[in-house]
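Working notes, beginning with the structure itself.
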Amino acid sequence: MSPEELAFDRQHLWHPYTSLTEPLPVYPVASATGARLRLTDGRELIDGMASWWCAIHGYNVPELNAALAEQSARMSHVMFGGITHAPAVALGQRLVAITPEGLDKVFLADSGSVSVEVAMKMAVQYQHAQGGVGRGKFLTFRGGYHGDTTGPMSVCDPETGMHSLFAGFLPVHHFMSRPPAGFAAELDADYVRRLAAFFAVHAPSAAAFICEPVVQGAGGMYFYAPGYLRVVQQLCREHGLLLIFDEIATGFGRTGPLFAAEHAGITPDILCLGKALTGGYLTLAATLCTSDVADTIGRGEAGVMMHGPTFMANPLACHVAATSIDLLLQRGWREDLTRLSEGLALHLRSGAQMPLVQDVRVLGAIGVVETRRPVNMAKMQAFFVQQGVWIRPFGRLIYLMPPYVTSDAELEQLCAAILAACGRPELFQ
Ligand SMILES: *Cc1c(COP(=O)(O)O)cnc(C)c1O
Numbered sequence: 001m002s003p004e005e006l007a008f009d010r011q012h013l014w015h016p017y018t019s020l021t022e023p024l025p026v027y028p029v030a031s032a033t034g035a036r037l038r039l040t041d042g043r044e045l046i047d048g049m050a051s052w053w054c055a056i057h058g059y060n061v062p063e064l065n066a067a068l069a070e071q072s073a074r075m076s077h078v079m080f081g082g083i084t085h086a087p088a089v090a091l092g093q094r095l096v097a098i099t100p101e102g103l104d105k106v107f108l109a110d111s112g113s114v115s116v117e118v119a120m121k122m123a124v125q126y127q128h129a130q131g132g133v134g135r136g137k138f139l140t141f142r143g144g145y146h147g148d149t150t151g152p153m154s155v156c157d158p159e160t161g162m163h164s165l166f167a168g169f170l171p172v173h174h175f176m177s178r179p180p181a182g183f184a185a186e187l188d189a190d191y192v193r194r195l196a197a198f199f200a201v202h203a204p205s206a207a208a209f210i211c212e213p214v215v216q217g218a219g220g221m222y223f224y225a226p227g228y229l230r231v232v233q234q235l236c237r238e239h240g241l242l243l244i245f246d247e248i249a250t251g252f253g254r255t256g257p258l259f260a261a262e263h264a265g266i267t268p269d270i271l272c273l274g275k276a277l278t279g280g281y282l283t284l285a286a287t288l289c290t291s292d293v294a295d296t297i298g299r300g301e302a303g304v305m306m307h308g309p310t311f312m313a314n315p316l317a318c319h320v321a322a323t324s325i326d327l328l329l330q331r332g333w334r335e336d337l338t339r340l341s342e343g344l345a346l347h348l349r350s351g352a353q354m355p356l357v358q359d360v361r362v363l364g365a366i367g368v369v370e371t372r373r374p375v376n377m378a379k380m381q382a383f384f385v386q387q388g389v390w391i392r393p394f395g396r397l398i399y400l401m402p403p404y405v406t407s408d409a410e411l412e413q414l415c416a417a418i419l420a421a422c423g424r425p426e427l428f429q
């Protein structure tokens, strides 16, 4: 890329969570194939991020390229109001078939954040239809991340989500400390008691409990035991609240099973999917709900679900998503997940002994190294690029969520780069 183009970028283009006054360096990517990104200067980087966890099949996937071309030759878009099309039906059939039993109704939205907005509106409409007027609050765990639009932001962690900055703008909801750490941890009876007390106080004014099951992603790459989800579901039932699982990050195999809800063996009332839904090709998300939720909304004052984005069920995105799901199921993702999970554990394990490392944890194809000091983002990013890998840490978290097609050798190189970085105090704040 020319210096002029890079200068334009620095002066005019916002990047995610960055300043235009003091922009951090950006790396120009020209193309990507398999698990590798190619920079415009020809250097190749092994991608440990799957483009924020979306590109599960890697890049430039022949089957997905073909799906995109086929569909664009038929029609790229058509309104979904009063019209339907085969790609939407095919995707809906697959989502109903592969998600936990009972999630039969599908709302196709344009991004993860929007699917959470839709889930929250569904819950409010559901309560309203049952006479629960004024049940407009949501209950959630601290440490969560649900997206960047207003509704989702209001249930993101109050500190990392900067609720004080947006005070007066964001609705105020109720936060419970998150469950004790550890996927395999025993249930803590004292925590369960406090959770019940939290429901007793706040549930009467609430529509639903929303959380990321088992893994809190952008809120801290934090794992907790599935048993807490069963407790939350029971409390929701006792208090007449709906249970919303945000599986935008955990869906499509990332934590081991196809959906993290399967760890707990339960079906939420509402499920949000996004990110890997189209294999990282196009923006698309889905909000699924049970027949009970849909029927109750249908009996309510509005009688309809009050949402309908312009690009709802975009045919290009739907056709690519349906093809991506077929590819995932055909490819034997379970073997890939087991292989990646074992590889991450094997190659990151020795990091736990390093002085700058606080914790190493692995679940499914998620490997996390939590450090004692926050990283120096610009320096560490440059170090990783020198090592031939693309890893984007945040705060005290250096993590991998690689594409499922990452080879054993590529995975080893990603892990080695992280351990090398953890041996260099100058890359930390
Ligand atoms: C990324 C993410 C979102 C937001 O999705 P966008 O497509 O970025 O709007 C919501 N919830 C979770 C758990 C996520 O990881």
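Quick note on UniProt numbering: the sequence shown kicks off at 1 and runs consecutively. Here a beta-carbon is modelled for each residue, glycine too, at the ideal position from N, C-alpha and C.
Distance check between T255 and each of F141, G182, S341, A421 places S341 closest, using alpha-carbon atoms only.
Closest option to A197, judged by alpha-carbon separation, among G220, A181, V231, A184: V231. For F209, the beta-bridge partners assigned by DSSP are L139, L243. Under DSSP, E370 forms a beta bridge with D359, L397.
Inclusion of F107 and R142 in the CB contact set at 8 Å is not warranted, their separation being larger than that value. CA-CA distance, G351 to R424, rounds to 13 Å.
Runs of the beta strand (DSSP E) lying entirely within the segment 255-310 and spanning at least 3 residues, in chain order: 270-273, 285-290.
By the 16-neighbour rule on beta-carbons within 10 angstroms, F245 is buried.
By the criterion of a C-beta distance shorter than 6 Å, A317 is surrounded in its chain by T278, L282, L284, once the five residues flanking it on both sides are discounted.
Burial state of L235 is buried, judged by a 10 Å Cβ sphere holding 16 or more other Cβ atoms. Counting C-beta pairs with one atom in each stretch, the segment 386-393 and the segment 317-337 have fewer than three that are closer than 8 Å, which means they do not touch. The criterion of a C-beta distance shorter than 8 Å is satisfied by E117 and P152. Cβ atoms of H202 and L139 come within 8 Å of each other, at about 6 Å. Contact annotation: I46 and G280 have beta-carbon atoms that are not nearer than 8 Å. Using a Cβ distance threshold of 8 Å, I297 and Q125 count as a contacting pair.
Taken through DSSP and simplified to helix, strand or coil, E186 comes out as coil. In the three-state reduction of the DSSP assignment, D41 falls in the coil class, being assigned neither a helical nor a strand state.
Pairing L346 with A181, the inter-Cα distance amounts to about 21 Å.
If you ignore the 5 residues before and after R38, its C-beta comes within less than 6 Å of the C-beta of A30, S31, E44, all in its own chain and listed in chain order. By the 16-neighbour rule on beta-carbons within 10 angstroms, P226 is buried. Among the bridge pairs identified by DSSP, A32 is matched with L37. For H163, the shortest C-beta to heavy atom distance toward ligand 1 is 7 Å or greater.
Placement of the Cβ of P309 at a distance of 7 Å or more from every heavy atom of ligand 1 is found. Boundaries of the beta strand (DSSP E) harbouring V106: 103-109, taken from the DSSP string. For A206 against K137, the beta-carbon gap comes to about 4 Å, under 8 Å, which counts as contact. Contact annotation: L427 and M380 have beta-carbon atoms nearer than 8 Å. By alpha-carbon distance to D148, the top candidate from Q127, G112, V133, A123 is G112. Take the alpha-carbon of A200 and the one of K275: they are about 34 Å apart. Within the same chain, F259, L273 come within 6 Å of G251 by CB-CB distance, once the 5 residues on both sides are set aside. Closest option to E212, judged by alpha-carbon separation, among H15, H12, G144, L419: G144.
Here G265 is exposed, its C-beta having fewer than 16 other C-beta atoms within 10 Å.
DSSP lists no bridge partner for D148. In terms of Cβ geometry, R94 and I325 form a close pair [threshold 8 Å]. Here C289 has L103, K105, M122, D269, I270 as same chain residues with Cβ atoms under 7 Å from its own Cβ, once five neighbours each way along the sequence are excluded. The beta-carbon separation of T371 and Q358, rounded to 6 Å, stays under the 8 Å limit for a contact.
Taking 7 Å as the cut-off, one finds at least one heavy atom of ligand 1 near enough to the beta carbon of S111.
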